[in-house]
Amino acid sequence: MKDLAGLTRYSFLFFGFLVIQSALLAQPTDPLYADQWYLKNTGQDGGTPGEDINIESVWTKYRGTHDQIIAIVDSGINITHPDLEDNVIAGMSIDYNVDGFEDNDPSADHRQDFHGTQVAGLVAARGWNNVGIRGVAGEAGIVGHKLFDTSVWHY
Numbered sequence: 011m012k013d014l015a016g017l018t019r020y021s022f023l024f025f026g027f028l029v030i031q032s033a034l035l036a037q038p039t040d041p042l043y044a045d046q047w048y049l050k051n052t053g054q055d056g057g058t059p060g061e062d063i064n065i066e067s068v069w070t071k072y073r074g075t076h077d078q079i080i081a082i083v084d085s086g087i088n089i090t091h092p093d094l095e096d097n098v099i100a101g102m103s104i105d106y107n108v109d110g111f112e113d114n115d116p117s118a119d120h121r122q123d124f125h126g127t128q129v130a131g132l133v134a135a136r137g138w139n140n141v142g143i144r145g146v147a148g149e150a151g152i153v154g155h156k157l158f159d160t161s162v163w164h165y
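Convert by adding 10 to the 1-based position in the sequence shown; the result is the number in the numbering used here.
Right, here's the structure in full:
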């Protein structure tokens, strides 16, 4: 078993899933924001308007800070993704799955494995940047901890 004691330095840890109750200063410019019903449910795809995490009321006061580091523990994340790269803390990501040693590249092993990147986006995709989606804490720092080997996942 790898030593995971280094994970204690983070404010929050997300192990491949998101459980957060948090919550627009200006109208979003992110092209996919309108599809993020869990952030603002207007009845998209037959959903119930208002059944969301009510995040816009929080964003007027808080969007996270780069000093608050959130570790994404998953099967790897794309730290150069345009919606994530501004929030990635350089040199702090770890790949625990490298034959007997660790490195700082948490990228997924397979091109089709984007679960960790999706989780990172839900948590901390940079908002108001005209790119993709918006994360709950879009100004928080993030690091990737590649703990899972994608070959054990069956989607």
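Cβ atoms here follow ideal geometry from the backbone N, Cα and C, with glycine treated the same way.
Fair warning: this is a prediction, and the values are worked out from it, not measured in the lab.
Counting along the chain, Val153 sits inside the beta strand (DSSP E) bounded by residues Gly151 to Lys156. Contact check between the segment 44–64 and the segment 99–118: fewer than three CB pairs, one atom from each, fall below 8 Å, which does not count as touching. Residue environment for Ser85: buried (at least 16 other C-beta atoms within 10 angstroms of its C-beta). One Cα belongs to Thr52, the other to Val153, and the distance between them is close to 32 Å. Within the segment 87–141, no run of beta strand (DSSP E) reaches 3 residues while sitting entirely inside it. Of the residues Thr75, Val83, Asp77 and Asn64, the one whose Cα lies closest to the Cα of His155 is Val83. By the 16-neighbour rule on beta-carbons within 10 angstroms, Pro92 is exposed. Within the model, the alpha-carbon separation for Thr39 versus Val146 is close to 15 Å.
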